[in-house]
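Q:
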Amino acid sequence: MIDGHTKLAGVMGWPVEHSRSPMMHNHWCRVNGVNGAYMPLPTHPEGFDQALRGLAAAGFQGVNVTIPHKEAAMLACDELTSTAKRAGAVNTICFVAGRIIGDCTDGTGFCDNLSAHDVAIGGRAMVLGAGGAARAVAAALLDRGCEVVIANRTQERAEALVAALGGGEAVAWYEWPSLLSGCSLLVNATSMGMGGKASLDWDAALREAAPGLCVTDIVYTPRETPLLLAAQARGLRTVDGLGMLVHQARAGFRAWFGVDPEADRTTFDLLATSLR
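Taking full-length UniProt numbering, the leading residue of the sequence shown gets 1, the next gets one more, and so forth.
In structure tokens form, the structure reads like this:
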């Protein structure tokens, strides 16, 4: 029950009804005995800045921000962590002593998900896409010593991302399948495969993959995307995107509620059931 001592947080988006974050965070509050509540906060873009400052003034601990507010969130913050600056995005905000502090936990969440599956982070990684998620993932991999190759349908965007990160290599879209023989990790950081739609002949694309390649997808609806199914059919190791969602959320929960939640089977089962 919410009372005068309840710590409050939420997710700001437009729309936001689809978000699984309230389910996950409120589950963690229950199992960890935290007097906290996490709620969906539908916020029209025109009112984002006012709403954000209103939540801070109302005593919220902080918020997550999702589409379409990530750029506006960067501008609204009083301070950005080095990770947020490097990722060029904010998805987690803390209200601390009257200041709005923005962070990006996507890259860390991605890498933590790999580590949870005992995937060694190193070697050469092929990242597909050049949007916000690709930037966060590529930055995290570069910072952990990986060689990162970025392929995007519009090569200029891949080149711009490499320049912004100060590292990595941009290649033409048609080139990336032929480069997989030298890669230890393939990351789909695009929306391809969302909803189970196969927008690419993944089996053909994986034809030259090294036997030790680990294939990952940030898409988690469905959990087994066309890319992951094609990789499994070729005997390649795969990691789905649901774990990234869980692990990126842990940092925010820890900052707002003072408890490090466990990414346990119950959490995954709860989310997986809601996605069916």
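The beta-carbon is built from N, C-alpha and C at its ideal position, and this holds for glycine as well.
Just so you know, these numbers come straight off a predicted model, no measurement behind them.
(1) Return the chain-ordered list of same chain residues with a C-beta closer than 8 Å to the C-beta of Pro15, the five sequence neighbours on each side being excluded.
(2) Which same chain residues, not among the five before or five after Ile101, have their C-beta less than 6 Å away from its C-beta?
(3) Could you please give me the residues that DSSP links to Phe95 through a beta bridge?
(4) The alpha helix (DSSP H) spanning Arg250 covers which residue range?
(5) Can you list, in chain order, the residues of its chain with a C-beta nearer than 8 Å to that of Ser181? Leave out the 5 residues immediately preceding and following it.
(6) Under a three-way DSSP split, which group does Val137 fall into?
(7) Since Ser184 and Gly212 should fall inside the 8 Å C-beta cutoff, what is the C-beta to C-beta distance between them, to a whole number of angstroms?
(8) Helix, strand or coil for Asp106, going by three-state DSSP, please let me know.
(9) From this set, Leu141, Asp143, Glu169, which residue's C-alpha is nearest Asn152's C-alpha?
(10) Cα separation between Leu114 and Gly243?
(11) Just tell me which of Gly196, Tyr174, Asp106, Asp3 has its CA closest to the CA of Thr66.
(12) Is the region 55-66 touching the region 107-127 in the sense that three or more CB pairs, one from each, lie closer than 8 Å?
(13) By alpha-carbon positions, which one of Asp118, Trp256, Leu236 ends up nearest to residue 284?
(14) Taking Cβ positions, are residue 281 and Val96 nearer each other than 9 Å?
(15) What does the Cβ neighbour count give for Ser21, buried or exposed, with the cut at 16 atoms within 10 Å?
(16) Which residues bound the beta strand (DSSP E) around Arg124?
(17) According to DSSP, simplified to helix, strand and coil, what is Cys111?
A: A quick look at the data gives this:
(1) For the purposes of this step, residue 15 is taken as residue 15 along the sequence shown, with counting starting at 1. Excluding positions up to five away in sequence, the list reads Pro42.
(2) For the purposes of this step, residue 101 is identified with residue 101 of the sequence shown, where counting begins at 1. So the list reads Glu79, Cys94, once near-sequence residues are dropped.
(3) To locate residue 95, count along the sequence shown from 1; it is residue 95. Answer is Ile100.
(4) On the sequence shown, position 250 is the one that residue 250 refers to. Looking at the DSSP string, the run of the alpha helix (DSSP H) that includes Arg250 is 242-257.
(5) Position 181 of the sequence shown, counted from the first residue, corresponds to residue 181. Around Ser181: Glu208, Ala209, Ala210.
(6) Your numbering for residue 137 matches position 137 in the sequence shown. It is helical.
(7) Residue 184 sits at position 184 when you count from the first residue of the sequence shown. Residue 212 sits at position 212 when you count from the first residue of the sequence shown. Indeed they touch by this definition, with Cβ atoms about 6 Å apart.
(8) On the sequence shown, residue 106 is found 106 positions in, with the first residue counted as 1. It is helical.
(9) One-based indexing of the sequence shown puts residue 152 at position 152. Closest by alpha carbon: Glu169.
(10) Indexing the sequence shown from 1 puts residue 114 at position 114. Indexing the sequence shown from 1 puts residue 243 at position 243. Cα to Cα, Leu114 sits roughly 8 Å from Gly243.
(11) As a first step, residue 66 is located in the sequence shown; it is residue number 66 there, counting from the start. That would be Asp106, whose Cα lies nearest to the Cα of Thr66.
(12) no
(13) Residue numbering for the chain in the displayed model covers 1 to 276; residue 284 lies beyond these limits and cannot be assessed.
(14) With the chain running from 1 to 276 in the structure shown, residue 281 is simply not present.
(15) Stepping through the sequence shown from its first residue, residue 21 is reached at position 21. With 16 or more other Cβ atoms within 10 Å, it is buried.
(16) Within the sequence shown, numbered from 1, the residue matching residue 124 stands at position 124. Taken as a continuous stretch (DSSP letters only), the beta strand (DSSP E) holding Arg124 covers 124-128.
(17) For the purposes of this step, residue 111 is taken as residue 111 along the sequence shown, with counting starting at 1. If DSSP states are grouped into helix, strand and coil, Cys111 belongs with the helices.
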